[in-house]
Amino acid sequence: MSRTQPITEANNTITTDIDVATTEGIVTLLRRCDAEIFDGWEGHKGLFHKETLDKLSKLAVLASDIIQDTSGSCIVLSGCGTSGRLAFITARSFNEQLKKSGKESIYDYLIAGGDKALFTSQEAPEDDPHIGVKMLCESCEGKKKVLYIGITCGLSAPFVAGQLDYCLQHLDKFTPVLLGFNPTYLARNLPVENWNKTFLQVVKELEAAEHAGKGFILNPVVGPEPITGSSRMKSGSATKIILEAIFTAAHSSTFNPEVPWDIETHFRSYQAIYNSVYLHTESIGKLVAIAGDSLQNGGSIFYIGCDTLGLMGMTDASECPPTYGATLDDVRGFVAGGYHFLQNKEGDLSSNGKYFRISISDFESDILSSLTDQDLVICLNTANSLQSLAGLKESRCKRVMLTFTELPDEHLREFDFVLSLRLPISDAIMEPWRQFHLEIATKWVLNAVTTGAHVLKGKVFQNIMVDLKVSNNKLFHRAVGIIEGLGKTSKELARMFLLRSIYHTEHLTPDQLEAPIAQHIKVASAQNRIVPVALVAAILNSSIENASHLLDSKPVIRMAILQALRSQETNLL
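Each residue of the sequence shown is one higher than the one before, starting from 1 at the first, in full-length UniProt numbering.
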């Protein structure tokens with residue numbers, strides 16, 4: 001029987017109890033979920049399916065042709081949110097390799113919302129196909145041959161749909177590629193505002209183009225996310241692995257044809273990295289506990305790193321607000337060299353405010369002196385830049401090092417905890433590609449750290465993120481749906497619990513009851529924990545005040561409920 005819910009938005013049964021697991025247990029559940037990237041899910045075609053391998057090999061040949069003859073040609077990678085950030089990181093990495101080989105840059109990235117979206121969520125442009133088309137046309141102006149890869153994990157982003165549609169109308173110039181992780185029949189089939197197509201209709205047209213040899217659909221299924229709908233995790237990892245598979249093979253066949261390198265070998269090498277990372281489940285769990293303690297006590301997590309591992313930290317940090325309703329101060333990332341190292345198209349964005357100040361020197365000037373014992377600084381393999389952080393050892397903050405190399409004892413003594421990973425990176429793999437393995441290992445660790453920390457802070461119920469900000473009409477209705485579904489109550493009663501939580505009262509006034517949603521949003525948007533409090537009250541049929549007190553003592557929702565039920569049983573006895 002065909003599914004109706006997209007797999008990328010489904011609940012993963014593996015992690016149903018992630019909110020009540022130990023920190024080591026959280027990492028164990030994430031390990032089991034990430035295994036599905038390589039093992040496949042419920043019989044669907046996965047990374048190692050022959051069709052997937054064949055398509056990727058063909059795309060590597062097309063990319064190699066462009067690399068060998070760059071005149072009038074380019075490769076464009078595009079996406080929203082995490083997908084757009086991975087497009088940026090991939091384009092940047094392979095342009096660097098071209099420069100080292102004496103070739104001009106041919107890779108470009110497009111991200112909905114422009115370069116600001118590399119650091120903060122920019123939701124409105126993601127829903128606009130016309131903006132997507134405009135950005136694509138600007139990127140490809142004057143080009144005669146374009147390999148375009150649109151990344152949308154759920155086959156749903158209108159920004160990408162518009163670009164694919166434009167490519168399909170200009171197949172003499174574009175080879176359109178769709179990369180996502182749902183079967184095509186589960187592509188979003190909802191109307192797009194101010195547009196005349198759905199994503200599913202675009203997919204059907206692309207299927208016809210693929211049948212004619214003029215396009216590609218890459219959609220291996222890697223299973224539901226560990227936190228429902230959080231495509232930054234498995235889908236993000238699979239995106240990175242696939243893009244690097246295509247272009248590693250293309251660059252290898254172009255510049256090092258004597259070194260055999262195929263797509264399946266590439267995937268196996270990443271699988272070996274996965275296995276090696278999760279051999280350290282206990283140690284990663286200890287790091288999750290440290291991070292969770294910081295967030296629960298009002299502290300922040302700061303990543304500081306040099307080279308592309310710093311980019312992985314920045315990316316992980318940027319994903320926490322839209323995923324967990326975190327503030328922009330909860331998790332931040334900094335990289336040595338800042339924008340000079342990033343080489344992003346729009347250049348230095350630091351004039352846009354403190355959240356766009358991203359260099360280690362910015363960290364030193366803006367943050368270092370104000371760190372408290374509740375804050376956590378995670379250094380990402382930064383042995384070469386420790387001298388520039390001399391002030392860190394004088395700070396009261398907790399200091400952690402994630403490293404892949406042997407460090408002198410004098411460096412190790414400067415940290416409260418060191419997570420040292422030894423990876424099975426073969427000497428046969430050339431240096432540029434070794435860095436990709438370090439990046440994916442860093443991604444898996446950091447995803448575990450911030451996921452686990454936010455679980456410990458009470459952001460999820462089972463494996464569903466519930467502590468969302470009620471900051472717009474869509475999120476108001478989503479909050480009602482969460483309370484209705486998880487609280488097993490009617491929609492009307494769920495709405496009443498939500499309003500009681502928003503206004504901190506058991507007795508709503510007529511004005512509050514009759515106020516438009518916009519008024520409720522105005523009151524709620526500046527508040528924290530609105531939905532968790534309402535949900536606990538709904539499940540226990542208790543007062544808002546009692547639910548709030550319960551979460552003060554037990555931030556994890558199910559633990560708070562269990563404590564209340566045990567207390568009730570004791571009172572009955």
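Cβ atoms here follow ideal geometry from the backbone N, Cα and C, with glycine treated the same way.
Legend entry - Contained beta strand (DSSP E) runs [length at least 3] in the segment 198–241, N- to C-terminal order: The DSSP assignment places 216–218 as complete runs of the beta strand (DSSP E) inside the segment 198–241, in order along the chain (cut-off: 3 residues).
Legend entry - Distance, residue 114 Cα to residue 325 Cα: Separation of residue 325 and residue 114 (C-alpha to C-alpha, rounded to the nearest whole angstrom) is 22 Å.
Inset, instruction - Decide if residue 331 is buried, meaning its Cβ has at least 16 other Cβ atoms within 10 Å, or exposed. - result: That one is buried.
Inset, instruction - Reducing DSSP to helix, strand and coil, say where residue 108 ends up. - result: If DSSP states are grouped into helix, strand and coil, residue 108 belongs with the strands.
Inset, instruction - Please report how far the alpha carbon of residue 487 lies from the alpha carbon of residue 21, in whole angstroms. - result: In a straight line, the C-alpha of residue 487 is about 21 Å away from that of residue 21.
Legend entry - Whole-number beta carbon distance between residue 254 and residue 106, since they are thought to touch under 8 Å: With 8 Å as the limit, residue 106 and residue 254 do not qualify as a contact, their Cβ atoms being about 12 Å apart.
Inset, instruction - Assign residue 259 to buried or exposed, taking buried as 16 or more other Cβ atoms, counted over all protein chains shown, within 10 Å of its Cβ. - result: In the assembly as shown, residue 259 is an exposed residue. Its beta-carbon has fewer than 16 other beta-carbons within 10 Å.
Inset, instruction - Locate the alpha helix (DSSP H) running through residue 530, then write down its first and last residues. - result: 530–540 is the extent of the alpha helix (DSSP H) around residue 530.
Legend entry - Assumed close pair residue 37, residue 237 - CB separation to whole angstroms, cut-off 8 Å: About 6 Å; that satisfies the 8 Å criterion.
Legend entry - Sequence-distant residues of its chain with Cβ nearer than 8 Å to residue 1 (five each side left out): Model confidence at residue 1 stands at a pLDDT of 42, short of 50, so the residue's coordinates are unreliable; what they give is reported in the following sentence. Closer than 8 Å at Cβ, skipping near neighbours: no residue.
Legend entry - In chain order, each beta strand (DSSP E) run of at least 3 residues that lies wholly inside the segment 305–362: Look at the segment 305–362 and you find these whole runs of beta strand (DSSP E), each 3 residues long or longer: 331–335.
Legend entry - Exposed unless 16 or more other CB atoms sit within 10 angstroms - verdict on residue 532: Buried, because 16 or more other Cβ atoms sit within 10 Å of the Cβ of residue 532.
Inset, instruction - State yes or no: is the C-beta of residue 84 within less than 9 Å of the C-beta of residue 110? - result: Their beta carbons are under 9 Å apart, which means residue 84 touches residue 110 by this criterion.
Inset, instruction - Give me the Cα-Cα distance between residue 540 and residue 222, rounded to the nearest whole angstrom. - result: The alpha-carbon atoms of residue 540 and residue 222 are separated by roughly 36 Å.
Inset, instruction - Within the same chain, show all residues whose beta-carbon is closer than 7 Å to that of residue 491, passing over the 5 residues directly before and after it, in chain order. - result: Counting only Cβ-Cβ distances below 7 Å, and skipping sequence neighbours, we find 480 and 484.
Legend entry - Inter-stretch contact (C-beta, 8 Å, three-pair minimum) for the segment 201–217 and the segment 228–235: Contact check between the segment 201–217 and the segment 228–235: fewer than three CB pairs, one atom from each, fall below 8 Å, which does not count as touching.
Inset, instruction - Please state if the CB of residue 375 and the CB of residue 294 are separated by a distance shorter than 9 Å. - result: Between residue 294 and residue 375, the C-beta gap is smaller than 9 Å, which places the two residues in contact.
Legend entry - Residues near residue 393 by beta carbon distance below 6 Å, same chain, minus five either side: These residues qualify, in order along the chain: 414.
Legend entry - Host beta strand (DSSP E) of residue 140 (start-end): For residue 140, no beta strand (DSSP E) encloses it, and the DSSP letter there is neither H nor E.
Inset, instruction - Count the other C-beta atoms from every protein chain shown that fall within 10 angstroms of the C-beta of residue 61, then say buried if there are 16 or more, exposed otherwise. - result: Residue environment for residue 61: exposed (fewer than 16 other C-beta atoms within 10 angstroms of its C-beta).
Legend entry - Between the CA atoms of residue 334 and residue 363 - distance to the nearest angstrom: Looking at the two C-alpha atoms, the distance is approximately 7 Å.
Inset, instruction - Indicate whether residue 288 and residue 453 have their beta-carbon atoms separated by less than 9 Å. - result: Yes, the Cβ-Cβ distance between residue 288 and residue 453 is below 9 Å.
Legend entry - Spatially closest choice to residue 290 from 15, 187, 397 and 322, by CA coordinates: Residue 290 has its Cα closest to that of 397, out of 15, 187, 397 and 322.
Inset, instruction - For residue 457, count neighbouring Cβ atoms within 10 angstroms of its own Cβ and tell me buried if that reaches 16, exposed if not. - result: Sixteen is the threshold: when 16 or more other Cβ atoms of the shown chains lie within 10 Å of the Cβ of residue 457, as they do, the residue is buried.
Inset, instruction - Assign residue 352 to buried or exposed, taking buried as 16 or more other Cβ atoms, counted over all protein chains shown, within 10 Å of its Cβ. - result: So residue 352 counts as exposed.
Legend entry - DSSP three-state assignment for residue 399, whether helix, strand or coil: Residue 399: strand per DSSP, three-state reduction.
Legend entry - Distance, residue 45 Cα to residue 302 Cα: Each residue's alpha carbon lies about 38 Å from the other.
Legend entry - First through last residue of the alpha helix (DSSP H) which encompasses residue 33: Element bounds for residue 33: 23–39.
Inset, instruction - Determine the burial state of residue 30: buried for a count of at least 16 other Cβ atoms within 10 Å of its Cβ, exposed for fewer. - result: By the C-beta density criterion, residue 30 is buried, having at least 16 other C-beta atoms within 10 angstroms.
Legend entry - Counted within 10 angstroms of its Cβ, other Cβ atoms place residue 18 as buried (16 or more) or exposed: Classification of residue 18: buried, given that the 10 Å Cβ count is 16 or more.
Legend entry - residue 462 to residue 482 span [Cα, whole Å]: Taking the straight line from one Cα to the other gives about 12 Å.
Legend entry - Neighbourhood of residue 158 by C-beta distance below 6 Å, restricted to the same chain and skipping five residues each side: Answer for residue 158: 127, 129 and 192, listed in chain order.
Inset, instruction - Closer than 8 Å by C-beta to residue 12: which residues in its own chain qualify, once you throw out the five before and the five after it? Chain order, please. - result: Excluding residues within five positions, the ones whose Cβ falls inside 8 Å are 33, 223, 224, 225, 226, 228 and 463.
Legend entry - residue 280 versus 163, 220 and 403, residue with shortest Cα-Cα distance: Per the Cα distances, 403.
Legend entry - residue 26 to residue 286 span [Cα, whole Å]: If I take the Cα positions, the gap works out to 11 Å.
Legend entry - Environment of residue 422 [buried if 16+ CB atoms lie within 10 Å]: Residue 422 comes out exposed.
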